[in-house]
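Residue numbers (the numbering used here), protein chains in the order written: chain W, 341 to 854; chain X, 1208 to 1584. Cβ atoms here follow ideal geometry from the backbone N, Cα and C, with glycine treated the same way.
See the structure below:
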């Protein structure tokens, strides 16, 4: 039984300057569940894409059943009996489950859907799935769709299954059912790799845990011999000194007080769940969390872009001392109240800027309305563009270049430059250093610190824990739309934050369901 | 260790590099881009010449010269070219604000036709009761409102319920055509379904001739529209909002633009301009109406707008070129006694070449280096 199903040796992959994977070694035995653990951007998905034939490794070897192989396409992966269940389902809505399952399969003989349904039912019975082969995809719940994806892979005879964050979209009860199925598949001798960053799931389900950090392979441990503390430390690593400046806050006072805000997605999933916090002037408030835990919704709620179900967002005006509730106001209404709120969104070219417009036109986004004339005036934005290019050292052939053509760091300088040009009292920045080189990153930290010294309330959503711990005065951790803790930036540790990030409130429920 | 390295090198060799691969370029100077366009046009002409020789055995120079003859041969032919180019240009300008906002208005045909119907109805019902100049003014407002309503209906549905505007505007074309047929049926008691020239004797509601040219006013009005649309799109706050909404609705929301309002406003403007073109067709060109009065210009305009990258000034040249090709094609058919389709084939080929030139401007085609090939061996 205990045969190596798949083994990776010294796998490396680069995308341009970014090292996505470096010297990764992994092996999974038949009848074993391996959890692949790591923060966002640690290279988990890249690694799995190499196994499933979407990418090809730059260096290293892959062995399947002891033989070295080269997987050049998803079709090759299929021939090696590797099946991947993606986070985002790839199903045709108008087809039934059975039709989706055989879609693209070139089986010899007559096409017989009744036969397919029969086989689907056999598989379901064997592993305990609950699936109706004749139900159309658009009538299915998220969990049913996922079941179809798994059955699809099993129908094709996969022996090595990769599940990419399978519980991200499931309720705790559904997750419990999924775990039962995964265990049955393991007992049947399948090799299973499950990508996740929820620690309790790792501990509840897996036999072994492999940890990646910043693309590098940290190590593999047996689940039975480890605990949450050890895994967190492997995941976040030892503290790296970055020497980012952190001036003491001067006379901090409450600037934005958020109380009990909630919001739902269209499918009824809670995106923000009773969130309350305070952002103070002269202070950098860090927000940490796994990507997609509600950070975006939180910032957009403050910026007037997200409908809320309840609660309040009170802004304290530093000049007049007035209090304004920003909830359910549009961005224009917020500005008309005299609230100088700047927002550097995560999606720079898709939200903060217009990629195909030149630098001057992008400067105008915030200011074009001023004045009564029906014509836009370009002198002031032009001057602002030139000032930002000079002060922040933006590398560009001129002000009439489409921002899409600039490098990531320069794009970000232009966006932040514009946002701080309006002398804000609140500055929100989501992942402002993502994809930036070291020098640009430090420039951004300096800019944020400068704003802080000017008495601006800075909210910084980050992913690199080392940066959060060195830059922020306070760090708020968010998990699945809930605040799981607020810690002091000067006394906290990466492990503490990492633990708060992976701890989900309502964990108990999912363990019950198992 | 060394052995392992050799092994991993063996894997890299196995990956195959495609023979041709395409990369996006983003640094082509504007002058060079226009150079590519000119070169492609030249190649298209040569290709057409070859095609004509192979298909018909005619001397291609004869074919081209008779195309030129057809457009510029006499002053009448030239004015006909100018008037049809003006109509095409005007409709292209009308659809452009919507297109710039990524609202795919495929209903210009119907919006122009309904505007034309409104004008002709005014001529028909109140033609003799009021002075001609007043009638023309009333016709103008009737056409503008009709065109705006015809575009506004799908625009409202798009802004409110995010329905598909392409299908909706397209279907409105057929409604407009049927409406025209319906009114002709009422207006023409004989049942021949052909409405003759309206107010043929009094010429009430007709554009006056200027300097002896009956189409000069048409051309002047369209020239004015060109300038207005250019300034509106490039220099006004509303034009800027259109560009932002078109490029990224998310950004528009982020800076507080009311996206619904901008969509509705722009679509109304687009429809109103189509209405103006219907007014010109009724008062300046046809003085009558049939269900096919717009003659496909509403669709050709879509192509003109795209080919010109939504730039009103470039549209002047594009619409002239296309009208020249269309008129030339007709001329070939009659003088050289070729099948009329030959001309259409040539027009199609040339336009296809022009459109595909954009591919070479945006992308670079690379061939696998030979040196690399040897390395692999």
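Which chain B residues sit within Cβ distance under 9 Å of residue i?
| i | result |
| --- | --- |
| residue 1454 (chain X) | Going by chain labels, chain B is absent from the structure shown, which instead holds the protein chains W and X. |
When the distance is taken between beta carbons, is residue j closer than 8 Å to residue i?
| i | j | result |
| --- | --- | --- |
| residue 1303 (chain X) | residue 1377 (chain X) | no |
| residue 704 (chain W) | residue 1447 (chain X) | yes |
| residue 1496 (chain X) | residue 1324 (chain X) | yes |
| residue 796 (chain W) | residue 765 (chain W) | yes |
| residue 595 (chain W) | residue 770 (chain W) | no |
| residue 716 (chain W) | residue 1442 (chain X) | yes |
| residue 1273 (chain X) | residue 1543 (chain X) | yes |
| residue 627 (chain W) | residue 760 (chain W) | no |
| residue 554 (chain W) | residue 842 (chain W) | no |
| residue 739 (chain W) | residue 746 (chain W) | no |
| residue 622 (chain W) | residue 590 (chain W) | yes |
| residue 1514 (chain X) | residue 1557 (chain X) | no |
| residue 475 (chain W) | residue 511 (chain W) | no |
| residue 383 (chain W) | residue 552 (chain W) | yes |
| residue 700 (chain W) | residue 725 (chain W) | yes |
| residue 1478 (chain X) | residue 1359 (chain X) | yes |
| residue 556 (chain W) | residue 835 (chain W) | no |
Between the Cα of residue i and the Cα atoms of the options, which residue gives the shortest distance?
| i | options | result |
| --- | --- | --- |
| residue 804 (chain W) | W:561, W:630 and W:786 | W:630 |
| residue 1524 (chain X) | X:1238, X:1232, X:1245 and X:1452 | X:1245 |
| residue 457 (chain W) | W:834, W:441 and W:469 | W:441 |
| residue 678 (chain W) | W:662, W:690 and W:693 | W:662 |
| residue 378 (chain W) | W:649, W:757, W:535 and W:404 | W:535 |
| residue 709 (chain W) | X:1516, X:1465, X:1567 and X:1380 | X:1465 |
| residue 682 (chain W) | X:1489, X:1570 and X:1463 | X:1463 |
| residue 816 (chain W) | W:398, W:620, W:525 and W:401 | W:620 |
| residue 514 (chain W) | W:476, W:491 and W:481 | W:481 |
| residue 712 (chain W) | X:1305, X:1288, X:1445 and X:1546 | X:1445 |
| residue 504 (chain W) | W:523, W:575 and W:425 | W:425 |
| residue 530 (chain W) | W:506, W:758, W:731 and W:498 | W:498 |
| residue 401 (chain W) | W:487, W:414, W:352 and W:686 | W:352 |
| residue 706 (chain W) | W:733, W:583 and W:755 | W:755 |
| residue 1490 (chain X) | X:1389, X:1239, X:1414 and X:1296 | X:1414 |
| residue 1552 (chain X) | X:1432, X:1259, X:1247 and X:1253 | X:1259 |
| residue 564 (chain W) | W:575, W:547, W:579 and W:556 | W:547 |
| residue 412 (chain W) | W:421, W:430 and W:391 | W:391 |
| residue 1409 (chain X) | X:1386, X:1425 and X:1494 | X:1494 |
| residue 1545 (chain X) | X:1262, X:1361, X:1280 and X:1344 | X:1262 |
Throw me the rounded Cβ distance for the residue i and residue j pair, which I believe falls under 8 Å.
| i | j | result |
| --- | --- | --- |
| residue 767 (chain W) | residue 791 (chain W) | 5 Å |
| residue 693 (chain W) | residue 743 (chain W) | 5 Å |
| residue 360 (chain W) | residue 405 (chain W) | Not a contact, Cβ separation roughly 26 Å. |
| residue 560 (chain W) | residue 550 (chain W) | 5 Å |
| residue 1328 (chain X) | residue 1357 (chain X) | Not a contact, Cβ separation roughly 14 Å. |
| residue 1517 (chain X) | residue 1306 (chain X) | 6 Å |
| residue 1531 (chain X) | residue 1249 (chain X) | Residue 1531 (chain X) to residue 1249 (chain X), Cβ: 16 Å. No contact. |
| residue 469 (chain W) | residue 493 (chain W) | With 8 Å as the limit, residue 469 (chain W) and residue 493 (chain W) do not qualify as a contact, their Cβ atoms being about 12 Å apart. |
| residue 526 (chain W) | residue 372 (chain W) | 7 Å |
Sufficient close CB pairs (3 or more, under 8 Å) joining the stretch 827 to 847 of chain W to the stretch 652 to 660 of chain W:
no
Do the stretch 630 to 649 of chain W and the stretch 664 to 673 of chain W meet, that is, are 3 or more Cβ pairs less than 8 Å apart?
yes
Considering only residues of the stretch 611 to 690 of chain W, which uninterrupted beta strand (DSSP E) runs meet the minimum length of 3 residues and lie entirely inside it, listed in chain order?
623 to 628, 650 to 656, 663 to 665 and 681 to 684
Across the stretch 1465 to 1484 of chain X and the stretch 1315 to 1329 of chain X, are there enough close Cβ pairs to call them in contact, namely three or more that are closer than 8 Å?
yes
May I have a chain-ordered list of the beta strand (DSSP E) segments no shorter than 3 residues that lie completely inside the stretch 1257 to 1337 of chain X?
none
Quick check on the DSSP output: what are the complete beta strand (DSSP E) runs of length 3 or more inside the stretch 795 to 839 of chain W, in order along the chain?
797 to 801, 814 to 819 and 822 to 828
Can you confirm whether the stretch 1469 to 1479 of chain X touches the stretch 718 to 735 of chain W when touching is taken to mean that 3 or more C-beta pairs between the two stretches lie within less than 8 Å?
no
Under 8 Å: do the stretch 1261 to 1271 of chain X and the stretch 1397 to 1404 of chain X share three or more Cβ pairs, one atom per stretch?
no
Report the start-end ranges of each beta strand (DSSP E) in the stretch 1475 to 1515 of chain X that is 3 residues or longer and not cut off at the edges.
none
Taking 8 Å as the cut-off, does the stretch 1332 to 1341 of chain X touch the stretch 1499 to 1514 of chain X (at least 3 CB pairs, one atom from each stretch)?
no
So within the stretch 505 to 529 of chain W, which uninterrupted alpha helix (DSSP H) runs reach at least 4 residues, ignoring any that extend past its ends?
512 to 527
Is the stretch 1529 to 1543 of chain X in contact with the stretch 1281 to 1288 of chain X, if contact means three or more CB pairs nearer than 8 Å?
yes
Beta strand (DSSP E) runs contained entirely in the stretch 722 to 794 of chain W, provided each spans 3 or more residues:
766 to 770
Ranges of the alpha helix (DSSP H) found wholly within the stretch 463 to 504 of chain W, counting only runs of at least 4:
482 to 495
For the 8 Å Cβ check, are there 3 or more pairs between the stretch 1502 to 1522 of chain X and the stretch 1342 to 1361 of chain X?
no
Threshold first: 3 residues or longer. Then list the beta strand (DSSP E) segments lying entirely within the stretch 342 to 401 of chain W, N to C.
344 to 355, 358 to 369 and 372 to 377
Pick out the complete alpha helix (DSSP H) segments inside the stretch 1411 to 1451 of chain X, 4 residues or longer, and give them in chain order.
1423 to 1442
Let me know the beta strand (DSSP E) ranges lying completely inside the stretch 1342 to 1411 of chain X, each 3 residues or longer, listed in chain order.
none
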